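Visitor: First the structure, which I've put down as structure tokens, then a few questions once you've had a look.
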Amino acid sequence: MLRAAGVGVGDEVVVPAFGNVEVAEAVTLAGALPVFADIDPVTYCLALGAVEAAVTPRTAVVVAVHRFGRRADIGGLHALGQRQGLLVLEQGESEAPYDEIAQRRQRAAYLDAKLKGVTTPDGGDGHTYQQYVVRVPGNGRPDRDAFARALRARGVECRVPVKTPVHRLPEFRQCVSLPETELAADETLALPVDAALTKREMQRIVSACNALGGLLQPAF
């Protein structure tokens, strides 16, 4: 898509650092320079204000990546693109059947109501829960990685969705301030929300998380 849009040497492309490296790699393969912008802490997609701040006279394209079942602010980004003369491209997620999405939403609603000690995801804007991503606060107490290890020891599969933001990788290292990206990389954890999960399995997830939740309250 970048090459078809005429992107090449000397151009800059605004991309998120929170997510897959493939987007930044595609920019470099087209001969352009990836410029990283911060994310919205609710959707984990590019923040409109951060994108606007990252735009320079060399910016040609913005690549919006939809994340975890939440959509980026495409309307706002297209409006920005029209004002600045930029092309806005989207990278979507694989679409699931409607009945599967409905079942994920049911399981997400159950977790929303039952979980303690973690910050549950915002379910607005048609969330399809490709991943159910919570935040595990640190505050000097057991952090996200310790929390994840403890959950796995209790038989709950969980994963860190973004282990290292792209702007921290050696081949893309940039001196740029991305506080929301950094915080999300340190705090986020994806819990199971698959349509195949049984009620007993959902209860085990809640029980395991809540047994640790009391350790994760803010320190005073």
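Residue numbers 357 to 576, in the numbering used here, belong to the letters of the sequence shown in order.
Ideal placement from N, C-alpha and C gives every residue a C-beta, glycine not left out.
Small disclaimer: the values here were computed from a predicted structure and weren't measured.
Between 539, 456, 417, which has its C-alpha nearest residue 438's C-alpha?
Guide: Closest option to residue 438, Cα to Cα, is 417.
Visitor: Rank 524, 455, 451 by C-alpha distance to the C-alpha of residue 380 and give the top, closest one.
Guide: Ranking the options by Cα distance to residue 380, first place goes to 524.
Visitor: Reducing DSSP to helix, strand and coil, say where residue 390 ends up.
Guide: Strand at residue 390.
Visitor: Relative to the alpha-carbon of residue 545, which residue among 463, 502, 490 has its alpha-carbon at the smallest distance?
Guide: Here the closest residue by C-alpha is 490.
Visitor: Given that a residue counts as buried once 16 or more other Cβ atoms are within 10 Å of its Cβ, and exposed if not, what is residue 547?
Guide: That one is buried.
Visitor: With a Cβ-Cβ cutoff of 8 Å, do residue 401 and residue 370 count as a contact?
Guide: No; because the gap between Cβ atoms is not below 8 Å, this pair is not in contact.
Visitor: Using C-beta distances below 8 Å, list every residue in its chain close to residue 433, excluding the 5 sequence neighbours before and after it, in chain order.
Guide: 402, 404, 407, 418, 420, 444, listed in sequence order.
Visitor: Threshold first: 4 residues or longer. Then list the alpha helix (DSSP H) segments lying entirely within the region 528-566, N to C.
Guide: As far as the region 528-566 is concerned, its whole alpha helix (DSSP H) runs of at least 4 residues are 535-543.
Visitor: Hey, which unbroken runs of the alpha helix (DSSP H) at 4 residues or more fall wholly within the region 420-451?
Guide: Here the runs fully enclosed are 430-440.
Visitor: Using the Cα positions of residue 426 and residue 468, report the straight-line distance between them to the nearest angstrom.
Guide: Looking at the two C-alpha atoms, the distance is approximately 16 Å.
Visitor: Taking only runs of the beta strand (DSSP E) that begin and end inside the region 362-389, which ones reach a length of at least 3 residues, in chain order?
Guide: You should have 368-372.
Visitor: Do you know whose CA, among 430, 513, 367, lies nearest residue 387's CA?
Guide: Per the Cα distances, 367.
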